[in-house]
Amino acid sequence: MMHVEKKRPPIIAAWLLRHLAFQEDESSLMGDIEEDYRDALTKWGAFKAACWYWLQIVLSIPAFCKSYVYWSSVMFKNYLKTALRIVKKHKSFSFINIAGLAVGMACCVLILMWVQDELSYDRFHANHKQLYRTILNHEGQWYTASPWALAPILKEEYPEVTLCTRYAGRNLLCAYQERSYYEPVAFVDPDFFEMFTFPLIKGNSESPFPTNNSAVITERTAKKYFGNEDPIGKVLKINNDTELFVTGIIKDVPTNSHMNFDILAPVQLFGEETLTDWSLGSSAYIMLHENASPDVFREKISGVIMKYDTRTKAKNIADIQPLSRIHLYDLRGGGNIVYVYIFSTIAAFILLIACINFMNLATARGGMRAKEVGMRKVVGARRSNVIKQFLGESLLLSVIALCVAIGLVVLLLKPFNTIAEKNLTLDPGMGLSILLGLLGITIFTGIISGSYPALFLSSFQAVRVIKGNYFKGSQKPLLRKGLVVFQFTIAIVLIIGTVIIYKQLNYIRNKELGFNRNQVISLRMNNDIRANMSAFKDEIKRYPSVINMTSATSQPTQVGNINPVYWEGRGPDQYETMRFVAMDVDYIKTFEMEVVDGRDFSEDLQTDTQNYIVNEEAVKFMGLKNPVGKLFSIWDREGQIIGVVKNFHSRSLHNDFEPVVLTMTQNWGHNFVFIRIRPEYTSRTLSDLEGIWKKFVPDYPFNYQFLDESFEALYRADRRTGILFKYFTILAIFISCLGIFGLAAFTSEQRTKEIGVRKVLGASIPHITTLISKEFMILLTLANGIAWPAAFFLMHKMLSNYAYRTEMSFWIFLLAGGLAYAVALMTVSYQAIKAARTDPVNALRYE
Amino acid sequence: MREMNLLSRWEEVYLLSIWELKDNAYGVTIKKKVSKKTGKILSYGGLYFVLAQLAKKGLVAKSTGEPTHKRGGRRKHYYSLTQKGKRALQATHEYQKSLWDNVTEPIT
Numbered sequence: 001m002m003h004v005e006k007k008r009p010p011i012i013a014a015w016l017l018r019h020l021a022f023q024e025d026e027s028s029l030m031g032d033i034e035e036d037y038r039d040a041l042t043k044w045g046a047f048k049a050a051c052w053y054w055l056q057i058v059l060s061i062p063a064f065c066k067s068y069v070y071w072s073s074v075m076f077k078n079y080l081k082t083a084l085r086i087v088k089k090h091k092s093f094s095f096i097n098i099a100g101l102a103v104g105m106a107c108c109v110l111i112l113m114w115v116q117d118e119l120s121y122d123r124f125h126a127n128h129k130q131l132y133r134t135i136l137n138h139e140g141q142w143y144t145a146s147p148w149a150l151a152p153i154l155k156e157e158y159p160e161v162t163l164c165t166r167y168a169g170r171n172l173l174c175a176y177q178e179r180s181y182y183e184p185v186a187f188v189d190p191d192f193f194e195m196f197t198f199p200l201i202k203g204n205s206e207s208p209f210p211t212n213n214s215a216v217i218t219e220r221t222a223k224k225y226f227g228n229e230d231p232i233g234k235v236l237k238i239n240n241d242t243e244l245f246v247t248g249i250i251k252d253v254p255t256n257s258h259m260n261f262d263i264l265a266p267v268q269l270f271g272e273e274t275l276t277d278w279s280l281g282s283s284a285y286i287m288l289h290e291n292a293s294p295d296v297f298r299e300k301i302s303g304v305i306m307k308y309d310t311r312t313k314a315k316n317i318a319d320i321q322p323l324s325r326i327h328l329y330d331l332r333g334g335g336n337i338v339y340v341y342i343f344s345t346i347a348a349f350i351l352l353i354a355c356i357n358f359m360n361l362a363t364a365r366g367g368m369r370a371k372e373v374g375m376r377k378v379v380g381a382r383r384s385n386v387i388k389q390f391l392g393e394s395l396l397l398s399v400i401a402l403c404v405a406i407g408l409v410v411l412l413l414k415p416f417n418t419i420a421e422k423n424l425t426l427d428p429g430m431g432l433s434i435l436l437g438l439l440g441i442t443i444f445t446g447i448i449s450g451s452y453p454a455l456f457l458s459s460f461q462a463v464r465v466i467k468g469n470y471f472k473g474s475q476k477p478l479l480r481k482g483l484v485v486f487q488f489t490i491a492i493v494l495i496i497g498t499v500i501i502y503k504q505l506n507y508i509r510n511k512e513l514g515f516n517r518n519q520v521i522s523l524r525m526n527n528d529i530r531a532n533m534s535a536f537k538d539e540i541k542r543y544p545s546v547i548n549m550t551s552a553t554s555q556p557t558q559v560g561n562i563n564p565v566y567w568e569g570r571g572p573d574q575y576e577t578m579r580f581v582a583m584d585v586d587y588i589k590t591f592e593m594e595v596v597d598g599r600d601f602s603e604d605l606q607t608d609t610q611n612y613i614v615n616e617e618a619v620k621f622m623g624l625k626n627p628v629g630k631l632f633s634i635w636d637r638e639g640q641i642i643g644v645v646k647n648f649h650s651r652s653l654h655n656d657f658e659p660v661v662l663t664m665t666q667n668w669g670h671n672f673v674f675i676r677i678r679p680e681y682t683s684r685t686l687s688d689l690e691g692i693w694k695k696f697v698p699d700y701p702f703n704y705q706f707l708d709e710s711f712e713a714l715y716r717a718d719r720r721t722g723i724l725f726k727y728f729t730i731l732a733i734f735i736s737c738l739g740i741f742g743l744a745a746f747t748s749e750q751r752t753k754e755i756g757v758r759k760v761l762g763a764s765i766p767h768i769t770t771l772i773s774k775e776f777m778i779l780l781t782l783a784n785g786i787a788w789p790a791a792f793f794l795m796h797k798m799l800s801n802y803a804y805r806t807e808m809s810f811w812i813f814l815l816a817g818g819l820a821y822a823v824a825l826m827t828v829s830y831q832a833i834k835a836a837r838t839d840p841v842n843a844l845r846y847e
Numbered sequence: 848m849r850e851m852n853l854l855s856r857w858e859e860v861y862l863l864s865i866w867e868l869k870d871n872a873y874g875v876t877i878k879k880k881v882s883k884k885t886g887k888i889l890s891y892g893g894l895y896f897v898l899a900q901l902a903k904k905g906l907v908a909k910s911t912g913e914p915t916h917k918r919g920g921r922r923k924h925y926y927s928l929t930q931k932g933k934r935a936l937q938a939t940h941e942y943q944k945s946l947w948d949n950v951t952e953p954i955t
């Protein structure tokens, strides 16, 4: 018998049984089996008894599963009931929690949609992984344009290139009968249709361009010009000189495409001479073979331009850029991907702030629920049960918040689209990733915000809690305080960021550009005006409200043309490159630039059409002591430098001053007419100018643009960021304030008795208000202390994107801090005053 | 007629077994008794699942006994009928009797 008593059941089986059995009955169940096992042992011997023991476990498994599901659902009902009761009982706390979470989640969802849209650019092309744009590096500067002749040579010489197309986008006047508008026209090679996924609705997919006078148009263009008529075979007149037959219709170009066109026409229309030229007149795209390695190919083609372009001997290194990177990555570094990162970070932070609210309120109110936890533990709950319960509770709240958040997103989508200049929609087919994202956000929020309260509350010891000796809510607030500091640090950094971005935008708007951009209108040049230029000019200049007029290749802020130049003391083989403007006389006068040395161009001197005026930066660049009178050439067009103008900004203020050459010639195709008008009677002047315009070119619409407006357009992306930043900041502050509002309410509730005693002893309302607010003010001071250096560092990095930047004055930091104080004080003092005003009798009687 | 919920056949067997076992109703004995009554092999998991549900319905009560060596030092849980359990058993019994009382002809 002793032998049997000592013998233990199989260890693994016993262990398994202990973990499978429903905990309440575990010990008696194991006891029963062991008793039976002992009997079996005496009857059958060790081996058979062990088998029997195992068999019992296997037979019990279905019942164990059943009982697990059964009891879980019983407890789940209980947890749900408790959670809903608590939500109902503490309405304001629940509101704060759910509202904060919902706003945070809505924000996250919007940003997620935005990010997804940004990342989806150009990925709708079936071949996008094999598609590349050719780019060019000239002495460290990147250019997205390619020589006309490059693409066909790549296809011919390199077997890796299966398809290639040039892409020359132009804004051209398109007319059908009386309808004429400027349309984005893209001139492409036939391979285009095979490379890119722009599905043809009508037309011959084998050869969409049967002749060189073909055009393929988008659906919306077809509707715009031809209404319900069949567009195929109709004639569109381009630029009033070329007739194109519509041979196909494609679907509208999706918004997430970096190419944007409404009409496609064969690039062959430019003529053989242009197409074999090495000037940078178009973009080019190639498709690599599936198995080709892009890195190896890059190596191979780097010298191809220098090999074939014998005219300039320019050090132009050819390179390629994957299609899907074009929208996101600027060749110079940065690009939209920066915004993707910035906004994703902000979204995460806002969600985190909302989670912190939840954690803070839940732990602060831990005392209230300590007794519940104690009771649960006494009747047999394990720590893991309590953790599960609280996690479940926070998940429930985050699911409720998600429903509210989806409602918010539906409401806010339209204004968000306006600000972000997107066309995002919330339809059921929006894709698995967003749905998964929503689910992910919900679970993440629930777990993050519930984890600390769950771990904290479940650690209560039943005995101490029941004895009344439990944690009182203000004994261990270090973490809670830390979280408040963290919230406000983020809010303050965001405020500082917003102010600095706005200040920078303002600075740019008012920056001296080296010329006067106000009251100048620009008109698009066309061949008919070009032919009648002198008569047109006379007529315009005679009009009393016109101060001056000129025409040129570009306006001073958008100088794009770059050409090889050399000057006195250098030969054609020692050339450098400079940006240049070809213009009519009076360019300098019309833009009110300042000539600092030499003279302006004169119409009376025939030789001036060969001469040049440079800016100060160019003088510095060339290192000339007395530039006036020196010889200077663009390509092989030799002339003299006759004057120097003060530096002006030739591109956006992201860039520094650059060397620029001005030359008075009609040869380089002026694209714009510029007219400076008097500020008075602007609208009458404009309608009269339109009259003159129509007299000369009745076929072209009078589409004018004020230069200061087009200047603003350069900073659209920056302004958009600013506006989005502003709203996110407001949200972050709102959620943070919700949090401290709740905390302050809690604190004053906890200290009801103390406040009552103080009031009885004669404390005034302001005194008590200060008492409660003080704690939060200390936290805010700490938050400022962390936020200022952090903001300084981040904004310093942001501003370094601009060549010209505003200062980060100290007042901005003070302002942000002050704003945070003011808002926090308002929320806290509301609670504090409420607490201070309660009748001490009620306060002291509350037990 | 139906003022009290009637027991299911399984519940009836369990409660009757516990009643018959008097003071010695714990896992091992209940399992044997129920097996004998029904002729089916029971698992301990299934046994305790039913017992826990009976306890939750308030039909049986649990009390702990002394730990023994034979049980690896674990206590027995003795089960006994509560008042509610007894009444339920009686009601079921009466109902069945009333059902059969009206059957005069033997079923062949």
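Quick note, the sequences are listed as chains A and B, same order. The letter at position 761 of the first sequence is residue 761 when you use the numbering used here, and the numbering goes up by one with no holes. Whatever position you read off the second sequence (first residue = 1), add 847 for the numbering used here. For every residue, glycine included, the Cβ atom is placed at its ideal position computed from N, Cα and C.
Taking 7 Å as the threshold (C-beta atoms), are residue j and residue i in contact?
i        : j        : result
A:Ala284 : A:Ile301 : no
A:Ser748 : A:Ile772 : yes
A:His289 : A:Asp122 : no
A:Phe601 : A:Val585 : yes
A:Val644 : A:Val619 : yes
A:Gly639 : A:Asn611 : yes
A:Asn360 : A:Leu707 : no
A:Glu243 : A:Lys237 : yes
B:Leu862 : B:Leu946 : no
A:Asn882 : A:Thr255 : In the structure as shown, chain A starts at 1 and stops at 847, and residue 882 of chain A therefore has no counterpart that could be examined.
A:Val185 : A:Ile217 : no
A:Pro453 : A:Thr345 : no
A:Glu34  : A:Pro9   : yes
With a threshold of 16 other CB atoms inside 10 Å of the CB of residue i, please say whether the residue is buried or exposed.
i        : result
A:Leu605 : exposed
A:Trp114 : buried
A:Val410 : exposed
A:Thr489 : buried
A:Asn316 : buried
A:Gly473 : Residue confidence is low: A:Gly473 scores 46 on pLDDT, short of 50, so the model does not pin down where it sits. No coordinate-derived value is stated.
A:Ala195 : Note on identity: in this sequence residue 195 of chain A is Met, with Ala being the wrong assignment. The residue in question, A:Met195, is buried, as its Cβ has 16 or more Cβ neighbours within 10 Å.
A:His327 : buried
A:Lys541 : exposed
Measure how close the beta-carbons of residue i and residue j come, nearest whole angstrom, since I'm counting them as under 8 Å.
i        : j        : result
A:Ile135 : A:Ile337 : Incorrect: roughly 17 Å between the Cβ atoms, too far for contact.
A:His670 : A:Thr553 : 6 Å
B:Gly932 : B:Val907 : 6 Å
A:Ala63  : B:Phe896 : 5 Å
A:Leu131 : A:Phe187 : Contact doesn't hold; Cβ gap of about 18 Å is too wide.
A:Leu865 : A:Val673 : Past the edges of chain A, shown from 1 to 847, lies residue 865 of chain A, and the structure says nothing about it.
A:Met826 : A:Ile500 : Actually they do not touch by this definition, with Cβ atoms about 25 Å apart.
A:Val465 : A:Gly374 : 3 Å
A:Tyr79  : A:Gln389 : 5 Å
Beta carbon of residue i: closer than 6 Å to some heavy atom of the ligand PLP?
i        : result
A:Asn336 : This structure lacks the ligand PLP; in fact it carries no ligand of any kind.
Check your understanding: Would you say the segment 510 to 525 of chain A touches the segment 641 to 656 of chain A, given that touching needs at least three Cβ pairs under 8 Å?
Key -> yes
Review point. Mind pulling the beta strand (DSSP E) runs of 3 or more residues that sit fully within the segment 197 to 244 of chain A?
Key: 200 to 203, 214 to 218 and 235 to 238
Check your understanding: Touching or not, the segment 587 to 596 of chain A and the segment 677 to 689 of chain A, by the rule of three or more beta carbon pairs under 8 Å?
Key -> no
Check your understanding: Within the chosen definition, does the segment 270 to 281 of chain A reach the segment 142 to 159 of chain A through at least 3 CB pairs nearer than 8 Å?
Key -> yes
Review point. Would the segment 239 to 256 of chain A and the segment 90 to 106 of chain A be scored as touching if the rule is three or more Cβ pairs under 8 Å?
Key: no
**Study point:** Sufficient close CB pairs (3 or more, under 8 Å) joining the segment 781 to 799 of chain A to the segment 833 to 843 of chain A
**Key:** no
Practice item. Would you check if the segment 14 to 34 of chain A and the segment 48 to 68 of chain A touch, i.e. whether three or more CB-CB distances between them fall below 8 Å? Key: yes
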